[in-house]
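S.K.: Residue numbers (this note's numbering): 12 to 887.
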RNA sequence: GGGCCUAUAGCUCAGUUGGUUAGAGCGUCGCGUUUACACCGCGGAUGUCGGGGGUUCGAGUCCCUCUGGGCCCA
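1) To the nearest angstrom, how far is the alpha carbon of residue 6 from that of residue 434?
2) Measure the C-alpha to C-alpha separation of residue 807 and residue 835 and round it to an integer number of angstroms.
3) How long is the line joining the alpha carbons of residue 360 and residue 372, rounded to whole angstroms?
4) Quick one: Cα of residue 214 to Cα of residue 69, how far?
5) Whose C-beta lies closer than 6 Å to the C-beta of residue 586 among residues of the same chain, with five residues either side of it excluded?
6) What did DSSP end up calling residue 252 once you bin it into helix, strand or coil?
7) Can you give the Cα-Cα distance for residue 427 and residue 619, rounded to whole angstroms?
8) Going by DSSP, name the residue or residues bridged to residue 313.
9) Taking 8 Å as the cut-off, does the region 648 to 658 touch the region 93 to 105 (at least 3 CB pairs, one atom from each stretch)?
10) Which residue's Cα is closest to the Cα of residue 466: 815, 193, 182?
11) For residue 316, which of 264, 583, 351, 573 has the nearest alpha-carbon?
12) In its own chain, which residues sit with a C-beta less than 7 Å from the C-beta of residue 511, not counting the 5 before and 5 after it?
13) Thinking just about the alpha-carbon of each residue, which of 25, 170, 201, 421 is nearest to the one in residue 573?
14) Excluding the 5 residues preceding and the 5 following residue 144 in the sequence, name in chain order all residues of the same chain whose CB lies nearer than 8 Å to its CB.
15) To the nearest angstrom, how far is it from the Cα of residue 341 to the Cα of residue 351?
16) Since residue 210 is in the beta strand (DSSP E), which residue starts that stretch and which ends it?
17) Are there 16 or more other CB atoms within 10 angstroms of the CB of residue 382, so buried, or fewer, so exposed?
18) Using the Cα positions of residue 296 and residue 414, report the straight-line distance between them to the nearest angstrom.
19) Counting along the chain, where does the alpha helix (DSSP H) carrying residue 5 start and finish?
20) For the putative contact between residue 293 and residue 266, defined by C-beta atoms under 8 Å, what is the C-beta separation to the nearest angstrom?
21) Secondary structure at residue 604, three-state DSSP: helix, strand or coil?
22) Which residue's Cα is closest to the Cα of residue 313: 305, 307, 322, 857?
23) Output the boundary residues of the beta strand (DSSP E) element that contains residue 432.
24) If we count the other Cβ atoms within 10 Å of its Cβ and call it buried at 16 or more, is residue 42 buried or exposed?
25) Tell me residue 692's beta-bridge partners as DSSP assigns them.
26) With contact counted as at least three CB pairs below 8 Å, one residue from each stretch, are the region 437 to 446 and the region 456 to 471 in contact?
27) To which residues does DSSP link residue 517 through a beta bridge?
28) Count the C-beta pairs between the region 282 to 290 and the region 250 to 265 that are closer than 8 Å, then say yes if the count reaches three, no if not.
29) Return the bridge partner residues of residue 236 from the DSSP annotation.
30) From the DSSP output, in three-state form, read off residue 609 for me.
31) One question on the structure: do residue 180 and residue 768 come within less than 8 Å of each other, judged by their Cβ atoms?
32) Buried or exposed for residue 39, going by 16 or more other Cβ atoms inside 10 Å?
33) Report yes if the CB atom of residue 566 is closer than 8 Å to the CB atom of residue 723, and no otherwise.
34) Could you check what DSSP says for residue 744 in three-state terms: helix, strand or coil?
35) Does DSSP put residue 98 in a helix, in a strand, or in coil?
36) Does the beta-carbon of residue 636 have 16 or more other beta-carbons within 10 angstroms, so that it is buried, or is it exposed?
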């Protein structure tokens with residue numbers, strides 16, 4: 012701890028927190044305080060794979076919360092002498108940005124439109140309610156996305172700088188940048204070459220509103236009202252009754268299914284029945300997923316009503332009879348299985364209807380044929396939704412790209428579970444979240460998205476002489492050509508004129524899932540394949556901080572990609588932050604309208620205050636939104652300023668000195684002995700990624716330090732009004748105060764970066780944030796034989812004297828004529844050692860004597876003494 | 001239905017491998033305007049550690065069970 016001292020401390024007359032955020036964040040930027048030095052060897056580097064926030068709209072208080080956790084960790088590591096690689100990224104590609112652009116500018120993509128270089132959007136954030144979206148070309152739309160994302164990113168950066176994140180802003184990346192596109196496409200092509208990426212025609216969950224395929228990780232079950240419709244199928248032996256919530260899919264029915272052990276239906280297995288209205292003959296089959304308790308215990312299997320239908324379809328080898336299109340409406344073409352004139356006529360009535368209307372019409376048809384029995388019975392059941400959507404998903408059959416993630420491959424799954432065990436999780440129990448997810452995967456990672464603002468698949472397809480797409484053996488670019496856009500770029504050996512022509516080529520129209528880029532943040536920020544030396548310096552990363560809600564998406568997919576590409580983990584540790592709950596213990600979210608804007612909070616309470624509230628929460632623990640805690644944080648920061656001013660004021664015009672040898676008084680040694688213990692324990696806590704404990708230890712010491720220790724030594728440090736204070740005793744108090752301050756500023760620096768930096772600047776050169784984390788050795792040297800037990804003993808004695816005055820309802824300033832402290836046996840020597848300071852702090856005019864209490868159960872210290880009458884108030 | 005977490009003062013939370021009388025801050029009540037601090041200081045009161053059972057000399061802490069809350073997955 013040899014950071015240089017200023018010749019004379021410059022302490023403001025009235026220290027204040029106001030304006031510190033702007034002043035210091037600007038200074039840190041100018042001085043490169045948090046700039047990453049890439050020349051340091053790997054073992055001295057601490058690298059953090061920070062979550063890139065979605066740059067659409069506004070930041071959530073949850074961002075402030077979890078990023079503060081990361082920042083505390085980063086600052087600790089930096090003070091420990093590690094060169095911290097702490098980049099920030101913006102996740103700007105994908106649906107959220109598209110939605111925001113649509114709403115903000117009042118536009119909508121029409122892929123048939125050509126690019127208009129002079130296009131200006133009709134609105135900018137002021138779209139009237141009546142406005143119907145203006146159709147624009149895909150390229151114009153992408154340009155608007157880029158423009159708006161850049162603006163959002165600027166405002167995010169402002170908030171994060173104001174919050175005091177020690178990010179190296181020169182390392183910022185975007186998930187839509189050319190470099191991100193190059194990285195994602197490169198990783199995809201390599202997975203394609205290794206056979207880890209593949210495309211197949213398969214049932215795909217489809218969001219009708221967003222016109223896109225949805226992956227397992229984006230699914231969400233929501234309870235929805237439905238109704239069992241009791242419908243009769245026909246057989247030679249009479250009717251078979253089924254109950255279904257989706258009668259509109261009757262035309263897509265391919266079989267009935269019941270549980271193999273279900274005695275009611277065992278006689279039917281192997282036979283066929285005929286569907287009502289459409290007259291299609293379907294088999295009755297047995298499968299253990301059929302639930303005897305559900306509905307009639309026998310279900311119809313359709314193409315495809317839900318994911319169980321898909322399982323049955325696959326495992327029972329059933330045909331497909333698709334009737335719902337990607338627009339969510341009934342297809343014009345009836346399934347070939349419907350042959351009768353009546354059946355075709357009935358189908359005709361459904362064509363073009365939405366699922367909702369088709370159900371109504373189907374009910375009419377069934378009623379007319381007499382095959383609907385009784386009133387539909389209302390139930391509530393879970394229905395699959397896209398997590399960002401608001402209509403139930405349909406299942407369509409389509410050609411999509413997938414990446415192997417263990418969902419269909421036991422060996423890969425096992426190795427990914429093993430990777431999870433190699434990660435050190437904070438808190439440890441988060442590992443089970445990961446394991447549950449990997450174990451529960453039912454399919455590979457669906458990579459294709461039918462979106463516009465994303466990274467295109469770097470793939471073209473040949474067209475045969477009939478102009479049909481040949482999906483096998485796609486045309487791919489070389490890595491040095493990346494990034495490419497197959498919609499505008501042309502594959503090797505073809506000319507632009509051949510696009511879409513028989514014998515020519517066609518670009519893959521889809522974009523990669525955003526996680527296909529986000530899962531590469533370690534590679535992206537680490538300059539993979541662009542700067543090998545740099546990559547070696549930061550990869551694998553030391554830690555991945557994130558929230559537990561995205562373990563299944565971001566964390567898992569990042570493991571999948573690193574495992575495939577580098578055959579290792581992308582980072583050694585995962586630090587998982589909890590969520591913010593509102594006072595009713597509900598997760599705060601935009602839809603609930605209980606979100607608070609972070610910048611307003613930061614400005615109201617001060618960044619250090621909000622950081623204090625955030626940092627008080629342990630990793631993984633959900634936390635109540637509590638402005639009261641922020642007020643405490645603010646008080647703590649102000650206290651730090653004031654106590655520092657007090658301590659530094661004793662230097663006068665001479666230089667502050669940090670001289671351990673000058674500490675000679677027992678109480679001064681005791682306080683440093685105690686502080687040495689705090690330093691050790693806080694360091695241990697930080698090493699275990701327990702920033703909350705480190706803060707708590709430092710904070711509780713600090714309150715005692717100001718409430719008791721400062722009061723006790725105040726007079727002595729001033730020079731002793733009561734005379735009879737030796738120069739050595741004065742120097743001892745001052746040295747102890749300065750040594751304490753030096754350590755306390757370092758201990759609080761990760762939590763209160765603004766207040767600590769402010770105080771540091773009064774008397775030190777450089778930044779506290781590049782200063783060394785405190786060690787206990789200097790403190791122990793100064794503490795020598797100091798006994799930490801002296802501190803609570805002296806504090807107790809002081810409190811006892813205060814209590815007498817408080818109960819006598821007199822000012823604390825009131826003096827005792829004389830006083831006798833009766834303390835527990837064993838404590839007498841301790842209290843006597845502080846008698847001089849107690850006498851002045853307690854304002855004992857005459858003798859202060861310390862005796863042993865005879866009261867056996869007395870924990871408290873007895874005080875007897877006569878108080879002087881209060882001085883009459885001086886007229887001003 | 002399976003898994004994970006959680007329950008400590010009115011509130012928000014500590015309580016490290018089991019070990020004296022369970023702590024902090026807020027809030028509340030009372031006192032006090034003292035030159036570090038009115039964005040203040042000092043002091044007081046406040047707990048069947050969710051319920052029940054068990055292990056142990058000893059349980060807020062370990063085990064079982066029930067109940068409430070939260071999340072993830074079916």
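Note that CB positions come from ideal geometry on N, CA and C, so glycine has one too.
M.R.: On the basis of the data shown:
1) What the structure shows of the chain is the stretch from 12 to 887, and residue 6 is not part of that stretch, so it cannot be assessed.
2) 11 Å
3) 8 Å
4) 36 Å
5) 437, 554, 556, 630, 700
6) strand
7) 40 Å
8) 264
9) no
10) 193
11) 264
12) 517
13) 201
14) 113, 117, 118, 119
15) 19 Å
16) 208 to 218
17) buried
18) 33 Å
19) A query on residue 5 cannot be resolved here, the shown segment of the chain reaching from 12 to 887 and no further.
20) 5 Å
21) With a pLDDT of only 48 at residue 604, under the threshold of 50, the placement of this residue in the model should not be trusted, and no figure is reported.
22) 322
23) Run containing residue 432: none in the beta strand (DSSP E); it sits in the alpha helix (DSSP H), 421 to 433.
24) exposed
25) The partner list for residue 692 (beta bridge, DSSP) is empty, contrary to what the question assumes.
26) no
27) 472
28) yes
29) 391
30) helix
31) no
32) buried
33) no
34) helix
35) coil
36) buried
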